[in-house]
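What follows is a single structure, written as structure tokens, with notes after it.
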Amino acid sequence: MMNEQLRGIVRGMPKAELHIHIEGSLEPELIFELAQRNAVQLAYQSVEELRAAYAFTDLQSFLDVYYAGASVLLHEQDFYDMTMAYLRRAAADNVRHAEIFFDPQTHTGRGVPFETVINGIHRACAEGPISATLIMCFLRHLSEEAALQTLEMARPHLDKIIGVGLDSSEVGHPPEKFARVFAQARELGLHLVAHAGEEGPPAYIHSALDVLHVERIDHGVRAIEDAELTARLAREQMALTVCPLSNIKLCVFGRMDEHNLLRLLDAGLAVTINSDDPAYFGGYMNANFEAAFDALPLGLSHAQRLARNSFAAAFLDDATKQRYLGEVDAYFREVMP
Ligand SMILES: [Zn+2]
Numbered sequence: 000m001m002n003e004q005l006r007g008i009v010r011g012m013p014k015a016e017l018h019i020h021i022e023g024s025l026e027p028e029l030i031f032e033l034a035q036r037n038a039v040q041l042a043y044q045s046v047e048e049l050r051a052a053y054a055f056t057d058l059q060s061f062l063d064v065y066y067a068g069a070s071v072l073l074h075e076q077d078f079y080d081m082t083m084a085y086l087r088r089a090a091a092d093n094v095r096h097a098e099i100f101f102d103p104q105t106h107t108g109r110g111v112p113f114e115t116v117i118n119g120i121h122r123a124c125a126e127g128p129i130s131a132t133l134i135m136c137f138l139r140h141l142s143e144e145a146a147l148q149t150l151e152m153a154r155p156h157l158d159k160i161i162g163v164g165l166d167s168s169e170v171g172h173p174p175e176k177f178a179r180v181f182a183q184a185r186e187l188g189l190h191l192v193a194h195a196g197e198e199g200p201p202a203y204i205h206s207a208l209d210v211l212h213v214e215r216i217d218h219g220v221r222a223i224e225d226a227e228l229t230a231r232l233a234r235e236q237m238a239l240t241v242c243p244l245s246n247i248k249l250c251v252f253g254r255m256d257e258h259n260l261l262r263l264l265d266a267g268l269a270v271t272i273n274s275d276d277p278a279y280f281g282g283y284m285n286a287n288f289e290a291a292f293d294a295l296p297l298g299l300s301h302a303q304r305l306a307r308n309s310f311a312a313a314f315l316d317d318a319t320k321q322r323y324l325g326e327v328d329a330y331f332r333e334v335m336p
């Protein structure tokens, strides 16, 4: 258990969030509010009943509830309200900059127009209390053809996204399934990331790097099973966007004191801490930091490294990045005993 002084420092330090699915920030209260606003019938009778369904056993059991929750999002204002709620919550945790994932196919598949989704989310990012940019994710359980169609839909909106990613059910859907669509996104000058090595094997991290040419690995905790890969990730300073509470909730690790976050840091990897789907996994950024610091022997120097890593791995121009890193270092000079 960390002491209260360190807790205060971790909570107050400036940080960036690089792994947040905006649909996963939809709190049960807002799901019910939007269901009522849009006259959508939910399979759950109350906020409590919906929360009770959050006892997940694996990634798929979570995704089933996640897609049910997203069904209340119909109009641009709904996407705006969801995104603004997240940005305010992130600001309260001293997140200075967020790179937000969204899943257009979860919505276009229900008949919601692509522009409704992106315009609502983007407008909130432009008006919100912190710096925020968007990464459009492809659902990997669907076909590459469907991903290619989604990229086509995004073409008139390329000024609203900075990159593409790959999420949803990992096992059985290796990165190489999306080689063509990532090549196209790369030609468009978009940044590239992919979920790999959460439930899937280290081989998926290899192919995310070598076939998709990603610039960050989302999750990546299973890299540690492959010594050569671990050494490569450290050598290349390839950032991993690790999500501690998500990993426990989805049973990637049994308990937080079994999490390999500190081992990854000790191996020299560019680890960051993120919230993934905070409404579903028990907390936003500071809750993730506190859970990890409570369970693992992490100290002040780890906190500073994690904060620095989050800005160093962000898709920001160099001057902005240096400004944030300077802010982190000034903060730690101030609080150092
Ligand atoms: Zn994720």
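The sequence shown begins at 0 in numbering that gives the first Met the number 0 and counts up by one. Every residue, glycine too, gets a C-beta built ideally from N, C-alpha and C.
For residue i, the residue or residues it bridges with in DSSP
| i | result |
| --- | --- |
| LYS14 | VAL94 |
| LEU5 | Per DSSP, none; premise fails for LEU5. |
| ILE216 | ALA193, LEU239 |
| GLY99 | Reading the sequence as shown, one finds Ile at residue 99 and not Gly. DSSP, once it has assigned bridges, lists ILE19, LEU133 as partnering ILE99. |
| LEU165 | PHE137 |
Proximity winner among the options, relative to residue i (alpha-carbon distances)
| i | options | result |
| --- | --- | --- |
| VAL180 | HIS212, GLU3, GLY199 | HIS212 |
| ASN37 | HIS156, VAL111, ALA291 | VAL111 |
| HIS369 | ASP77, ARG185, ALA67 | What the structure shows of the chain is the stretch from 0 to 336, and residue 369 is not part of that stretch, so it cannot be assessed. |
| VAL220 | ILE204, GLU227, VAL170 | ILE204 |
| ASP276 | ASN287, ALA269, GLY267 | ASN287 |
| TYR279 | HIS258, GLY119, LEU49, LEU232 | LEU49 |
| GLU47 | GLN40, LEU58, LEU133, GLU28 | GLU28 |
| PRO200 | HIS190, VAL192, LEU191, HIS218 | HIS218 |
| THR132 | ARG139, MET152, THR82 | THR82 |
| ALA238 | ALA306, GLU186, PHE113 | ALA306 |
| GLU224 | HIS190, ARG262, VAL210 | ARG262 |
| ALA84 | PRO103, LEU165, ALA52, ILE129 | ILE129 |
| ALA153 | GLY127, GLY325, THR115, GLU126 | THR115 |
| ALA67 | LEU315, LEU33, GLU144, PRO174 | LEU33 |
| SER167 | TYR323, MET135, ALA312, ALA302 | MET135 |
| ALA311 | GLY281, GLU126, ARG254, THR240 | THR240 |
| ARG109 | ALA329, PRO174, VAL39, GLY127 | VAL39 |
| ARG87 | GLY127, TYR53, ARG6, GLN35 | GLY127 |
| LEU189 | PHE177, ASP158, ALA195 | ASP158 |
| CYS124 | TYR79, ARG332, GLN35, PHE113 | TYR79 |
| GLY11 | TYR53, ALA91, TYR65, PHE31 | ALA91 |
Assigned exposure category for residue i - 16 Cβ within 10 Å defines buried
| i | result |
| --- | --- |
| CYS250 | exposed |
| ALA207 | buried |
| THR56 | exposed |
| ARG95 | buried |
| GLU198 | buried |
| SER274 | buried |
| GLU26 | buried |
| GLU22 | buried |
| SER309 | buried |
| MET284 | buried |
| GLN358 | The displayed coordinates of the chain run from 0 to 336. Any statement about residue 358 would go beyond what the structure contains. |
| THR319 | exposed |
| GLN44 | exposed |
| PRO103 | buried |
| ASP317 | exposed |
| LEU165 | buried |
| ARG215 | buried |
| GLN303 | buried |
| MET1 | buried |
| ALA89 | buried |
| PRO336 | exposed |
| ASP265 | exposed |
| ASP293 | exposed |
| SER142 | exposed |
| GLY253 | exposed |
| ARG322 | exposed |
Range of the contiguous alpha helix (DSSP H) that encloses residue i
| i | result |
| --- | --- |
| VAL314 | For clarity, residue 314 is Phe in the given sequence; the question names Val instead. Looking at the DSSP string, PHE314 is not in any alpha helix (DSSP H), and its letter there is neither H nor E. |
| VAL64 | 58-69 |
| ARG254 | Taken as a continuous stretch (DSSP letters only), ARG254 belongs to no alpha helix (DSSP H), as it is neither H nor E. |
| ALA269 | Per DSSP, ALA269 belongs to no alpha helix (DSSP H); it is in the beta strand (DSSP E), 269-272. |
| GLY127 | GLY127 -> no alpha helix (DSSP H), and no H or E assigned at all. |
| VAL180 | 178-186 |
| GLN148 | 143-153 |
| HIS205 | 201-209 |
| TYR279 | 277-280 |
| GLU48 | 46-51 |
| PHE292 | 284-294 |
| LEU228 | 226-234 |
| ASN259 | No alpha helix (DSSP H) contains ASN259, which DSSP labels as neither H nor E. |
| PRO174 | Per DSSP, PRO174 belongs to no alpha helix (DSSP H) and is neither H nor E. |
| PHE337 | Only positions 0 to 336 of the chain appear in the structure, and residue 337 is not among them; the question remains open. |
N-terminal and C-terminal residue of the beta strand (DSSP E) that residue i is part of
| i | result |
| --- | --- |
| SER130 | 130-138 |
Open item on the list: With three or more C-beta pairs closer than 8 Å as the rule, is the region 63-82 touching the region 297-307?
Closed with: No: fewer than three Cβ pairs fall under 8 Å.
TODO: Report yes or no: do the region 96-103 and the region 13-26 share at least 3 C-beta pairs separated by less than 8 Å?
DONE: The region 96-103, when compared against the region 13-26, does touch it at the 8 Å Cβ threshold.
Open item on the list: Pairs of beta-carbons, one from the region 228-243 and one from the region 164-184, closer than 8 Å: are there three or more?
Closed with: Fewer than three pairs of CB atoms, one per stretch, sit closer than 8 Å, so the region 228-243 makes no contact with the region 164-184.
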